[in-house]
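Heads up: the structure comes next, in structure tokens.
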């Protein structure tokens with residue numbers, strides 16, 4: 004019974020992905036020349052020679068700062084949870 008449910012689930016998911024892929028073809032391109040503008044104007048606007056560094060730290064600085072904050076928060080939360088779990092494990096072992 005489990006094998007049948009798994010096979011049906013895989014078929015449904017595959018059909019969903021295929022449907023989305025077919026629908027996306029009609030959407031067209033979202034390229035509006037932004038990348039080309041960034042590459043051409045990087046040195047002039049930021050003074051950075053490396054385009055990737057300029058994009059991450061100058062053009063998308065707030066976004067990068069937000070991602071760093073989310074990552075830091077996730078690490079702190081994980082550490083807190085694992086520390087509690089480790090202390091409980093130590094108490095049950097008699098340490």
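Residue numbers (this note's numbering): 4 to 98. No residue lacks a Cβ here, since even glycine has one placed at the ideal position from N, Cα and C. Everything numeric in this text was worked out from a predicted model, so none of it was measured.
Asked	Found
Extent of the continuous alpha helix (DSSP H) to which residue 27 belongs	5 to 28
Assigned exposure category for residue 45 - 16 Cβ within 10 Å defines buried	buried
When 17, 91 and 58 are compared against residue 37, the one with the closest alpha-carbon	58
9 angstroms Cβ cutoff met for residue 61 and residue 43	no
Cα-Cα separation between residue 85 and residue 30, rounded to whole angstroms	45 angstroms
Between the CA atoms of residue 28 and residue 10 - distance to the nearest angstrom	27 angstroms
Distance CB(residue 54)-CB(residue 41) smaller than 9 angstroms	yes
For residue 63, three-class secondary structure by DSSP	coil
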